[in-house]
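> Keeping their order, the protein sequence lines are chains A and B. First residue of the first sequence? That's 473 in our numbering, and the numbers climb one at a time after it. First residue of the second sequence? That's 473 in our numbering, and the numbers climb one at a time after it. For every residue, glycine included, the Cβ atom is placed at its ideal position computed from N, Cα and C. Quick caveat: nothing in here was measured; it's all calculated off a predicted structure. Could you have a look at this structure, given as structure tokens, before my questions?
2 protein chains.
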Amino acid sequence: MARISTAPIKGARDFLPRDLAPRNRVFQLMRDTFERYGYEPLETPAIEHSSVLEGKYGEEGERLLFRILKNGRDLETAANDLLARGPAAERSAGAVARGFSEMALRYDLTVPLARVIAAHQNDLVTPFRRYQMQPVWRGDRPQRGRYREFFQCDVDCVGSRSMTVDAEMVAIHHEVFARLGFQTFVTQVSHRGLLDALMEASGVAPEQRTPARVQIDKFDKIGADGVRVELQRIGLADRVTDALLETLSLTGAPLDMLEALRPLLRETHQGETSLRELQEVFGYIRAMGVPQERYELRLSMVRGSDYYTGSIYETVLPGSGLGTLGAGGRYDKLVGMFLGRDIPAVGISFGVERMLVALEDAGLLAGGAITTTQALVTLFDAETVGASFALAQALRAADLRTEVYTEPKGLGPQLAFASKKGIPLAFIIGPDELARGEVKLRDLRTREEVSIPQAEAPAQALARLAAH
Amino acid sequence: MARISTAPIKGARDFLPRDLAPRNRVFQLMRDTFERYGYEPLETPAIEHSSVLEGKYGEEGERLLFRILKNGRDLETAANDLLARGPAAERSAGAVARGFSEMALRYDLTVPLARVIAAHQNDLVTPFRRYQMQPVWRGDRPQRGRYREFFQCDVDCVGSRSMTVDAEMVAIHHEVFARLGFQTFVTQVSHRGLLDALMEASGVAPEQRTPARVQIDKFDKIGADGVRVELQRIGLADRVTDALLETLSLTGAPLDMLEALRPLLRETHQGETSLRELQEVFGYIRAMGVPQERYELRLSMVRGSDYYTGSIYETVLPGSGLGTLGAGGRYDKLVGMFLGRDIPAVGISFGVERMLVALEDAGLLAGGAITTTQALVTLFDAETVGASFALAQALRAADLRTEVYTEPKGLGPQLAFASKKGIPLAFIIGPDELARGEVKLRDLRTREEVSIPQAEAPAQALARLAAH
Numbered sequence: 473m474a475r476i477s478t479a480p481i482k483g484a485r486d487f488l489p490r491d492l493a494p495r496n497r498v499f500q501l502m503r504d505t506f507e508r509y510g511y512e513p514l515e516t517p518a519i520e521h522s523s524v525l526e527g528k529y530g531e532e533g534e535r536l537l538f539r540i541l542k543n544g545r546d547l548e549t550a551a552n553d554l555l556a557r558g559p560a561a562e563r564s565a566g567a568v569a570r571g572f573s574e575m576a577l578r579y580d581l582t583v584p585l586a587r588v589i590a591a592h593q594n595d596l597v598t599p600f601r602r603y604q605m606q607p608v609w610r611g612d613r614p615q616r617g618r619y620r621e622f623f624q625c626d627v628d629c630v631g632s633r634s635m636t637v638d639a640e641m642v643a644i645h646h647e648v649f650a651r652l653g654f655q656t657f658v659t660q661v662s663h664r665g666l667l668d669a670l671m672e673a674s675g676v677a678p679e680q681r682t683p684a685r686v687q688i689d690k691f692d693k694i695g696a697d698g699v700r701v702e703l704q705r706i707g708l709a710d711r712v713t714d715a716l717l718e719t720l721s722l723t724g725a726p727l728d729m730l731e732a733l734r735p736l737l738r739e740t741h742q743g744e745t746s747l748r749e750l751q752e753v754f755g756y757i758r759a760m761g762v763p764q765e766r767y768e769l770r771l772s773m774v775r776g777s778d779y780y781t782g783s784i785y786e787t788v789l790p791g792s793g794l795g796t797l798g799a800g801g802r803y804d805k806l807v808g809m810f811l812g813r814d815i816p817a818v819g820i821s822f823g824v825e826r827m828l829v830a831l832e833d834a835g836l837l838a839g840g841a842i843t844t845t846q847a848l849v850t851l852f853d854a855e856t857v858g859a860s861f862a863l864a865q866a867l868r869a870a871d872l873r874t875e876v877y878t879e880p881k882g883l884g885p886q887l888a889f890a891s892k893k894g895i896p897l898a899f900i901i902g903p904d905e906l907a908r909g910e911v912k913l914r915d916l917r918t919r920e921e922v923s924i925p926q927a928e929a930p931a932q933a934l935a936r937l938a939a940h
Numbered sequence: 473m474a475r476i477s478t479a480p481i482k483g484a485r486d487f488l489p490r491d492l493a494p495r496n497r498v499f500q501l502m503r504d505t506f507e508r509y510g511y512e513p514l515e516t517p518a519i520e521h522s523s524v525l526e527g528k529y530g531e532e533g534e535r536l537l538f539r540i541l542k543n544g545r546d547l548e549t550a551a552n553d554l555l556a557r558g559p560a561a562e563r564s565a566g567a568v569a570r571g572f573s574e575m576a577l578r579y580d581l582t583v584p585l586a587r588v589i590a591a592h593q594n595d596l597v598t599p600f601r602r603y604q605m606q607p608v609w610r611g612d613r614p615q616r617g618r619y620r621e622f623f624q625c626d627v628d629c630v631g632s633r634s635m636t637v638d639a640e641m642v643a644i645h646h647e648v649f650a651r652l653g654f655q656t657f658v659t660q661v662s663h664r665g666l667l668d669a670l671m672e673a674s675g676v677a678p679e680q681r682t683p684a685r686v687q688i689d690k691f692d693k694i695g696a697d698g699v700r701v702e703l704q705r706i707g708l709a710d711r712v713t714d715a716l717l718e719t720l721s722l723t724g725a726p727l728d729m730l731e732a733l734r735p736l737l738r739e740t741h742q743g744e745t746s747l748r749e750l751q752e753v754f755g756y757i758r759a760m761g762v763p764q765e766r767y768e769l770r771l772s773m774v775r776g777s778d779y780y781t782g783s784i785y786e787t788v789l790p791g792s793g794l795g796t797l798g799a800g801g802r803y804d805k806l807v808g809m810f811l812g813r814d815i816p817a818v819g820i821s822f823g824v825e826r827m828l829v830a831l832e833d834a835g836l837l838a839g840g841a842i843t844t845t846q847a848l849v850t851l852f853d854a855e856t857v858g859a860s861f862a863l864a865q866a867l868r869a870a871d872l873r874t875e876v877y878t879e880p881k882g883l884g885p886q887l888a889f890a891s892k893k894g895i896p897l898a899f900i901i902g903p904d905e906l907a908r909g910e911v912k913l914r915d916l917r918t919r920e921e922v923s924i925p926q927a928e929a930p931a932q933a934l935a936r937l938a939a940h
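Okay, here's the thing in structure tokens:
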């Protein structure tokens with residue numbers, strides 16, 4: 473056989489047990505949290521009809537779709553069609569792709585949600601709270617922290633205009649990041665209409681608002697003075713810039729800030745609505761018991777995506793250099809795309825791959841196990857194999873994840889095997905122990921070793937594991 | 473927007489919460505069991521280089537690969553190459569596919585395991601026990617119970633020739649099926665070399681053994697008499713057929729059967745080895761405590777795949793009409809394919825999709841919840857929203873999966889919502905309850921309703937859920 477590269481494809485990863493142990497712990501904690509808030513799991517196929525995906529991600533996104541090649545007769549027909557058109561054939565990647573493919577891999581979890589809402593409208597009980605945690609594929613140039621196959625994690629509530637759900641998104645952010653052990657995160661909250669209203673009140677002309685928004689988005693990076701220079705550069709009058717920046721720099725308790733803004737926004741188009749909705753949202757966030765240092769009203773927040781229609785949120789770890797770890801907002805006009813009508817929705821997306829980096833940087837993954845296995849039972853010889861198996865079954869019955877070494881061998885290699893894998897406990901049974909009805913329990917973390925009656929093995933193992 | 477079909481692609485499924493609730497319970501029980509035996513999770517990318525997959529699945533299998541279309545410049549180049557060859561171009565699907573694609577979707581979990589073994593040989597501690605439970609894709613014609621995207625579930629131990637591992641595979645089969653609640657399953661055990669030795673001993677000529685094996689494989693379906701007719705049809709002498717069928721019809725305790733066969737197989741090529749290995753395997757199975765009615769030595773078992781080299785197993789539910797629910801064996805020559813050397817391995821594969829059908833047929837999924845959510849907290853009005861949120865947070869802190877209804881509404885629609893979703897408990901707080909520091913707990917399964925102090929809500933909910 474010719475030498476074949478056995479590396480995974482560029483931008484994708486093999487997850488070995490020692491990678492999955494922390495990864496699955498984080499995923500499980502997230503699932504648990506979503507379910508605690510009444511969000512249910514949803515899963516959709518990896519492969520979608522191209523017609524479902526096309527026209528949803530912009531030209532740039534569409535180029536990154538992984539498309540499935542037609543097969544059999546269909547593929548021969550596509551090739552014959554191309555050949556029949558001969559030299560005149562349109563050879564752009566887009567045109568060829570449409571001829572040779574009619575399905576593509578999932579690119580995000582929002583379009584599949586919208587498709588499910590349309591396909592199963594009679595089976596779904598609304599308001600529909602769901603989370604989805606599955607891989608997506610994008611033919612992007614891989615770089616550090618950016619993959620071509622990676623997990624997305626979306627939590628959405630579809631079918632309600634109630635601000636209780638907007639607030640719940642912030643509560644879920646809080647609970648996820650707090651349970652993961654992050655100490656310093658903040659969820660920034662704002663409203664799509666609020667910044668527009670602030671610009672209107674400060675005298676930013678309608679045609680200047682889109683370019684101004686791009687500059688304001690840099691607020692966290694370059695500060696008020698940096699943004700001032702940029703706004704002047706794109707032609708905002710000094711008076712307008714000053715007024716806007718003074719407002720954007722406001723800080724304080726969210727409900728106080730909203731009160732302070734009220735007189736300013738009275739004459740604007742979206743001011744009243746934004747203030748009223750945010751007032752409700754912040755009231756509910758407080759009622760849900762989210763500690764006040766974990767969220768703030770951030771007037772300069774922009775959130776790039778066009779589809780948000782109401783409240784918006786971003787969770788950051790100040791000083792981590794990692795940007796946004798989770799974000800979302802209300803988007804009342806997107807999820808009904810396949811039904812041709814507006815369906816209210818609010819949702820958040822967790823940057824799970826980036827969160828794992830942040831957890832690692834913060835040392836929050838370090839203490840955990842690198843294997844799921846908790847105990848190794850050694851094998852001495854043919855005579856004692858039965859006793860080793862019986863002990864292993866007793867440990868398993870107590871829900872202890874227990875491996876029996878595959879064959880009788882010296883004790884050294886068997887314990888070295890357990891240590892290399894990160895298994896914390898080893899049970900050693902030889903003829904002497906067997907004769908006494910005992911077993912040696914060795915804690916590979918502390919190198920302590922005790923002889924105990926066999927019947928006590930499960931309880932002692934559970935106690936030792938719980939103590940660490 | 474043109475009308476777009478929102479059905480999932482043919483042969484793939486959307487899993488709504490009510491589908492996933494039982495499905496995830498089954499998957500979780502399987503993971504738990506594998507981990508109890510010291511098997512660790514492994515995950516590999518959905519997309520593999522075509523060179524990794526090609527030549528592994530036979531011509532038929534290779535036609536079923538879902539291939540990824542090249543993109544951008546690469547795709548334009550492929551189209552130009554085809555056009556440059558003009559009318560003389562090879563237009564078969566295979567040839568076109570090789571020009572337009574260099575990656576494909578995972579087709580099974582064995583080739584990725586072999587690739588991982590080669591790619592990470594220095595990172596893996598052997599013997600390497602791993603399980604993998606991920607979707608695979610095959611462009612098969614969809615039909616009832618056969619999908620184009622479906623889960624496979626493999627459990628393998630790589631790197632040991634010890635028969636303890638072969639026996640462990642039967643123990644894992646037993647534990648999975650028993651914990652799922654199946655009452656009548658049997659794991660049939662045999663050995664690749666045993667049937668060959670039995671044919672040799674009965675006088676089946678070497679060139680007749682492969683066709684004879686195909687007929688013997690029908691033993692369960694058509695019985696000894698049916699197989700007799702078939703063996704005679706393919707030219708086996710009556711004397712040979714009689715001798716062979718007499719042996720194949722042997723039943724009894726496995727170790728007794730092995731003893732009975734020993735004199736017969738003394739002169740055969742693989743007889744001694746097969747008997748010795750099976751004797752070890754059955755001894756260990758017994759030592760592991762697998763009840764004797766749950767396994768048997770099945771001399772007529774064939775297992776189609778060529779790559780098995782030692783013990784083989786199949787678990788069936790007699791009378792279910794569902795065929796094999798799990799199967800596997802020792803295959804010492806496959807998993808080293810990318811390293812060019814033999815690496816011993818033994819493994820089993822669970823037919824998870826078929827197992828779910830069997831569970832449903834047996835009524836074993838019926839009792840379970842159809843939603844992950846355990847409690848609904850109702851919303852009465854703006855005044856009591858805070859109390860509803862506070863109660864929900866208290867329930868969540870006790871790890872109860874709790875949904876708050878999205879907005880104040882009549883009690884009827886809120887309880888109807890909970891019933892439709894299958895949520896078992898509802899907590900009702902209105903102004904009267906609030907004034908008394910109470911809450912109404914309604915069991916939607918029994919329609920009982922009691923007023924309880926708010927502080928007791930978590931404990932009472934846990935007690936009610938545990939009682940059912």
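(1) Is the stretch 563–576 of chain B in contact with the stretch 500–516 of chain B, if contact means three or more CB pairs nearer than 8 Å?
(2) Using Cβ-Cβ distances below 7 Å, what residues of the stretch 631–656 of chain A are close to chain B?
(3) Beta-carbon of Leu883 of chain B versus every beta-carbon of chain A: anything under 8 Å?
(4) I'd like to check one pair, Ser792 of chain A with Asp626 of chain A: are the Cβ atoms closer than 8 Å?
(5) If distances are taken between C-alpha atoms only, which option among B:Val911, B:Gly894, B:Gly611, B:Lys528 comes closest to Thr918 of chain B?
(6) Quick one: give me the first and last residue of the alpha helix (DSSP H) that Ala864 of chain A is part of.
(7) Shortest alpha-carbon distance to Ala942 of chain A belongs to which of A:Gly530, A:Val788, A:Ala841?
(8) Give a yes or no on whether 8 Å exceeds the smallest Cβ distance from Thr787 of chain A to chain B.
(9) Quick check on DSSP: helix, strand or coil for Ser564 of chain B?
(10) By the three-class DSSP mapping on this structure, what secondary structure does Gly527 of chain A have?
(11) Pro599 of chain A to Gln606 of chain B, Cα distance in whole Å?
(12) Are the CB atoms of Leu863 of chain A and Val911 of chain A nearer to each other than 8 Å?
(13) How about Val712 of chain B: is its C-beta nearer than 8 Å to some C-beta of chain A?
(14) For the beta strand (DSSP E) holding Phe822 of chain A, just list the boundary residues, first then last.
(15) Mind listing which residues of the stretch 527–547 of chain A have their C-beta closer than 9 Å to chain B's C-betas, in chain order?
(16) Can you tell me whether Arg738 of chain A is helix, strand or coil according to DSSP?
(17) Report yes or no: is there a C-beta of chain B within less than 8 Å of the C-beta of Met575 of chain A?
(18) Would you list the one or two residues that DSSP bridges to Gly755 of chain A?
(19) In whole angstroms, what separates the C-alpha of Glu548 of chain A from that of Val568 of chain B?
(20) Name, please, each residue of chain A whose Cβ falls closer than 7 Å to the Cβ of Lys893 of chain B.
(21) Starting from Ala479 of chain B, find everything on chain A with Cβ-Cβ shorter than 8 Å and list it in chain order.
(22) Give me whichever residues DSSP pairs with Gln606 of chain B in a beta bridge.
(23) Can you tell which of A:Ala732, A:Gly798, A:Asp804 has its C-alpha closest to the C-alpha of Leu828 of chain A?
(24) Using three-state DSSP, classify Ala799 of chain B as helix, strand or coil.
(25) Just reading off the alpha helix (DSSP H) that Pro885 of chain B is part of, what are its end residues?
(26) Under 9 Å between beta-carbons, which chain B residues line up against Ala834 of chain A? List them in chain order, please.
(27) Using a beta-carbon distance below 8 Å, is Glu731 of chain A in contact with chain B?
(28) Which residues bound the alpha helix (DSSP H) around Ser674 of chain B?
(29) Give the single residue among A:Ile476, A:Asp491, A:Thr478 whose Cα lies nearest to the Cα of Ala838 of chain A.
(30) Quick one, which of A:Ala565, A:Phe622, A:Ala550 has its alpha-carbon nearest Pro517 of chain B's?
(31) Label Asn594 of chain A either buried or exposed according to how many other C-beta atoms from any shown protein chain fall within 10 Å of its C-beta, with 16 as the threshold for buried.
(32) Taking the C-alpha atoms as reference points, what is the distance between Arg734 of chain B and Glu768 of chain B?
(33) So what's Met729 of chain B in DSSP terms, helix, strand or just coil?
(34) Looking at C-alpha atoms only, which residue of A:Asp697, A:Lys690, A:Ala684, A:Asp689 is the closest neighbour of Leu708 of chain A?
Short version:
(1) no
(2) Ser632, Ser634, Thr636, Val637
(3) no
(4) no
(5) B:Gly894
(6) 857–869
(7) The structure shown does not extend to residue 942 of chain A, since chain A is modelled only from 473 through 940, so no value can be given for it.
(8) Answer no: the Cβ-Cβ gap between Thr787 of chain A and chain B never drops below 8 Å.
(9) The three-state reading of DSSP puts Ser564 of chain B in coil, since its state is none of H, G, I, E or B.
(10) coil
(11) 30 Å
(12) yes
(13) Interface annotation, Val712 of chain B: not in contact with chain A, CB-CB separation never under 8 Å.
(14) 817–822
(15) Cβ contacts with chain B come from Gly527, Arg535, Leu536, Leu537, Phe538, Arg539, Ile540, Leu541, Lys542, Asn543, Gly544, Arg545, Asp546, Leu547.
(16) coil
(17) Met575 of chain A counts as touching chain B.
(18) According to DSSP, which records beta bridges pairwise, Gly755 of chain A is partnered with nothing at all.
(19) 7 Å
(20) Val597
(21) Ala591
(22) B:Gln624
(23) A:Gly798
(24) strand
(25) 883–893
(26) Simply none; closest approach about 24 Å.
(27) No Cβ of chain B is located within less than 8 Å of the beta carbon of Glu731 of chain A.
(28) 664–674
(29) A:Asp491
(30) Taking only the C-alpha atoms, the option nearest Pro517 of chain B is A:Phe622.
(31) exposed
(32) 18 Å
(33) Here Met729 of chain B sits in helix by DSSP.
(34) A:Ala684
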